[in-house]
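K.L.:
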Amino acid sequence: MSPDLLIAGLNTVGLIAICTIAYGWLQRLMPHRLVRQCAVGCLLGTGAALSMLEPYTVLSGLQIDSRNLFLAVSTAFGGALSTVISFTISGLVRISIGGPGVVTGLATMIFACLMAGLWTYVTRGKRRRSWMAWVMLGVILSAPLLAVMLLMKVMNPYVALMRLTTDMIGAVFFGRMFEGELRRGNRERQLNLEASTDALTGLPNRRALMNYISHISPTDQETMALLVVDADHFKSINDTHGHDVGDEVLKMIAKSISASIRHGDFAARFGGEEFAVLLRVEKTEDGYEMAERLRREISGLHEVFGKRITVTVSVGGVSLPPDKFDFRQVFHQADAALYAAKRMGRNCAVFL
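With the sequence shown counted from 1, adding 3 to any position gets you the numbering used here.
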């Protein structure tokens with residue numbers, strides 16, 4: 004093995020290791036899928052571009068690098084958006100490098116993206132792809148070089164075998180490392196979701212509400228309103244009809260709240276039969292109107308497990324500008340408004 008080939012191989016391994024570490028970091032710190040896909044595209048597009056800066060000359064006028072491996076992994080783990088971004092970055096770099104092989108180089112990159120997309124589609128749905136699947140991806144990625152060598156009539160069995168072997172090993176190594184980071188990222192996101200979600204209703208829990216409030220900016224110009232929604236006579240429903248019915252009533256209330264709030268509002272199960280709704284409003288009257296809307300939406304006769312049950316809620320609310328939004332103080336005021344609604348006979352809304 005020549006020193007140049009060894010150096011090229013070590014450079015590729017180093018790039019793969021760096022990309023894997025960065026991919027794991029992206030998995031943990033970027034919860035939004037589209038943002039992750041864009042970041043993966045940038046990461047692997049950069050990896051493909053860097054690999055082109057250190058090519059290995061196998062024959063006179065023929066150089067090889069690992070760009071297609073990075074593009075294929077981008078497609079497999081980032082989807083179409085990541086593919087477009089990584090191809091754009093690496094394609095612009097290939098054009099800037101210039102030379103008579105620009106068109107051929109871009110064509111092989113397009114081929115790698117398309118075939119990796121087909122490979123991803125065929126192997127979709129599997130929690131973990133087998134090592135043989137990754138070997139097959141490596142074989143596919145070797146095809147463009149072999150085709151170019153045939154067209155140039157410079158077919159060299161040693162070069163062909165070397166390329167085939169390195170692509171297969173690279174695909175298995177790269178793919179398995181990324182799969183491990185993907186599983187860890189998915190597991191962490193699932194644990195974070197479970198830790199911040201109420202298991203019964205599916206709404207965010209108290210912890211998620213406090214986290215949301217901690218991110219409210221004092222410079223926000225919108226007025227905030229906090230509503231506390233409480234199921235009336237809920238203990239009586241549990242005692243009379245059973246806890247299964249009580250659980251269904253809570254799910255119904257949560258569903259009604261979720262359907263009624265707007266994008267940008269936040270609802271959570273605060274505890275027991277109590278729910279908290281955080282609104283962004285233009286004026287105080289908007290908060291009261293939402294409180295009344297929730298009350299009307301929820302209150303009424305509902306059928307649960309074949310039983311017709313009257314369900315009503317009381318709502319207490321308060322509004323304050325963001326720069327004065329101290330949650331303990333605001334919740335205390337909203338709770339006071341709730342108990343005022345209870346004293347007024349329940350099934351009503353009081354807004355301070």
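A virtual CB, placed ideally from N, CA and C, is assigned to each residue, including glycine.
By the three-class DSSP mapping on this structure, what secondary structure does phenylalanine 269 have?
P.N.:
strand
K.L.:
In three-state terms, what does DSSP make of serine 85?
P.N.:
Here serine 85 sits in helix by DSSP.
K.L.:
To the nearest angstrom, how far is the alpha carbon of phenylalanine 114 from that of isoleucine 219?
P.N.:
47 Å
K.L.:
I'd like to check one pair, glutamine 30 with glycine 82: are the Cβ atoms closer than 9 Å?
P.N.:
no
K.L.:
Tell me whether the stretch 82-102 and the stretch 185-192 touch, counting them as touching only if at least three CB pairs, one residue from each stretch, are closer than 8 Å.
P.N.:
no
K.L.:
Would proline 324 be called buried (16 or more neighbouring beta carbons within 10 Å of its own) or exposed?
P.N.:
By the neighbour-count rule (16 or more Cβ atoms within 10 Å), proline 324 is not buried but exposed.
K.L.:
Evaluate aspartate 242 with the Cβ neighbour count: other Cβ atoms within 10 Å of its Cβ, from every protein chain shown; 16 or more gives buried, anything less gives exposed.
P.N.:
exposed
K.L.:
With distances taken from CA atoms, which of Phe269, Leu46, Val175, Met118 is nearest asparagine 214?
P.N.:
Taking only the C-alpha atoms, the option nearest asparagine 214 is Phe269.
K.L.:
Nearest CA to the CA of valine 318: which residue from Glu277, Gly102, Leu121, Arg311?
P.N.:
Glu277
K.L.:
Which value, in whole angstroms, describes the spacing of the CA atoms of arginine 166 and isoleucine 100?
P.N.:
So the two alpha carbons sit approximately 22 Å from each other.
K.L.:
Taking contact to mean at least 3 C-beta pairs separated by less than 8 Å, is the stretch 281-289 in contact with the stretch 301-311?
P.N.:
Touching, no, given that fewer than three Cβ pairs across the two stretches are closer than 8 Å.
K.L.:
Can you list, in chain order, the residues of its chain with a C-beta nearer than 6 Å to that of threonine 15? Leave out the 5 residues immediately preceding and following it.
P.N.:
Ser69
K.L.:
Considering only the beta carbon of each residue, do proline 207 and alanine 294 sit closer than 9 Å?
P.N.:
no
K.L.:
Using alpha carbons as the reference points, say which of Glu184, Cys45, Gly173, Leu117 lies closest to glycine 27.
P.N.:
The residue from Glu184, Cys45, Gly173, Leu117 with its alpha-carbon nearest to that of glycine 27 is Glu184.
K.L.:
Reducing DSSP to helix, strand and coil, say where alanine 202 ends up.
P.N.:
coil
K.L.:
Which class does arginine 349 belong to by DSSP, given the choice of helix, strand or coil?
P.N.:
coil
K.L.:
What ranges does the beta strand (DSSP E) occupy inside the stretch 205-257, keeping only unbroken runs of at least 3 residues that lie completely in it?
P.N.:
226-234
K.L.:
Which class does histidine 335 belong to by DSSP, given the choice of helix, strand or coil?
P.N.:
helix
K.L.:
Would you check if the stretch 331-347 and the stretch 244-256 touch, i.e. whether three or more CB-CB distances between them fall below 8 Å?
P.N.:
no
K.L.:
Can you check DSSP and say which residues form a bridge with isoleucine 67?
P.N.:
Tyr59, per the DSSP bridge assignment.
K.L.:
So, for serine 263: in the same chain, excluding its five sequence neighbours on each side, which residues have a beta-carbon less than 7 Å away from its beta-carbon?
P.N.:
Arg296, Leu297, Glu300
K.L.:
Taking its Cβ as the centre, do 16 or more other Cβ atoms sit within 10 Å of glutamate 251, making it buried, or is it exposed?
P.N.:
buried
K.L.:
Thinking just about the alpha-carbon of each residue, which of Phe330, Val38, Ala20 is nearest to the one in isoleucine 356?
P.N.:
A question about residue 356 goes unanswered here, because the residues of the chain that appear run from 4 up to 355.
K.L.:
Would threonine 49 and methionine 180 qualify as a contact pair, given that the criterion is a beta-carbon distance under 9 Å?
P.N.:
No Cβ-Cβ contact shorter than 9 Å links threonine 49 with methionine 180.
K.L.:
So who's on the other strand from arginine 311, going by DSSP bridges?
P.N.:
For arginine 311, the pairing in a beta bridge is given by DSSP as Glu306.
K.L.:
Give me the Cα-Cα distance between alanine 174 and glycine 94, rounded to the nearest whole angstrom.
P.N.:
The straight-line gap from Cα to Cα measures roughly 21 Å.
K.L.:
Would you kindly check if the distance between the Cβ of tryptophan 122 and the Cβ of methionine 135 is under 9 Å?
P.N.:
no
K.L.:
Of the choices Arg311, Phe334, Glu292, whose alpha-carbon is the least far from that of cysteine 351?
P.N.:
Glu292
K.L.:
Taking DSSP as the reference, what is the three-state secondary structure of arginine 127?
P.N.:
It is coil, neither helix nor strand.
K.L.:
Could you tell me which of Arg210, Leu281, Leu109 sits nearest to methionine 227, measuring between CA atoms?
P.N.:
Taking only the C-alpha atoms, the option nearest methionine 227 is Leu281.
K.L.:
Short check: CB of leucine 149 to CB of asparagine 71, under 9 Å?
P.N.:
No.
K.L.:
Across which residues does DSSP place leucine 323 in a beta bridge pair?
P.N.:
As computed with DSSP, leucine 323 is found in a beta bridge with Met227.
K.L.:
Tell me the DSSP secondary structure of glutamate 276 in three-state form.
P.N.:
coil
K.L.:
Once you ignore the five residues that flank threonine 91 on each side, which residues in its own chain have a CB closer than 6 Å to its CB?
P.N.:
none
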